[in-house]
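Reviewing the structure listed below.
Residue numbers (this note's numbering): 3 to 221.
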């Protein structure tokens, strides 16, 4: 009987939690029902039930420990009665623990939803009041912001103009260096051609010297 009751309560708690997680018309009904439970003597009744279940849970766990100690004392000799009691106590403890956990989750979830709803309402009221009472100070602050933005735009434009001039100067320097390198390349080609000419002349002189040398020996 207790197991059936705990199973039913756990299923109801799980269904209520699922209803609170999704924004549906059922969610409003669940929130309204929980609000009614938390009014008047409802919180006292809920706390009394929770404390009673907690005491029974502690007693069940104590019984489980006693059975386990008997098993250890008997060197692992398992009594069928103790085995059945152990399974029953473990099932009771699991159901009661799960019942308390879901109850706590349901309470916290309802609390956070109510807090979020109240804060959203307060934010809407503040926004409406701000929209209605926009005075001269707000207009002055906005004008100051506009002036600040204009000054920032002018500063950025001056920096852009400065960077553009620097880029143009850099392009001019690059063009000058390019022309200078082209002139040096032409000068190098000219010097290379003169070097080749001088080498050719030197080879001719050497050939002439070599051609005159045998004739002098013969004479």
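We put the beta carbon where it would ideally sit given N, CA and C, even for glycine. Being a predicted model, the structure only gives us computed values, none of them experimental.
- Separation of residue 146 and residue 118 (C-alpha to C-alpha, rounded to the nearest whole angstrom) is 36 Å.
- Just so you know, the alpha carbons of residue 14 and residue 7 end up roughly 11 Å apart.
- Its chain contains 59, 62, 63 and 66 as the residues whose beta carbon lies nearer than 8 Å to that of residue 95, once the 5 sequence neighbours on both sides are disregarded; these appear in chain order.
- Taken through DSSP and simplified to helix, strand or coil, residue 26 comes out as coil.
- A buried status is given to residue 97, since no fewer than 16 other beta-carbon atoms sit within 10 Å of its beta-carbon.
- Within the model, the alpha-carbon separation for residue 34 versus residue 40 is close to 10 Å.
- Here the alpha carbons of residue 102 and residue 53 stand approximately 10 Å from one another.
- Relative to the Cα of residue 23, the nearest Cα in the group 43, 92 and 112 belongs to 112.
- If you draw a straight line from the Cα of residue 172 to the Cα of residue 166, it is about 10 Å long.
- Contact annotation: residue 16 and residue 32 have beta-carbon atoms that are not nearer than 7 Å.
- Straight-line spacing of the CA atoms in residue 181 and residue 196 works out to 23 Å.
- In the displayed model, residue 42 falls within coil according to three-state DSSP, outside both helix and strand.
- For residue 81, the secondary structure class from DSSP, reduced to helix, strand or coil, is coil.
- A straight line joining the alpha-carbon of residue 43 with that of residue 36 spans about 13 Å.
- Taking the Cα positions, residue 100 is about 7 Å away from residue 12.
- In this structure residue 87 is in contact with residue 69, their Cβ atoms being roughly 6 Å apart against a cut-off of 8 Å.
- DSSP places residue 76 in the coil class of the three-state scheme, outside both helix and strand.
- Using a Cβ distance threshold of 7 Å, residue 106 and residue 19 do not count as a contacting pair.
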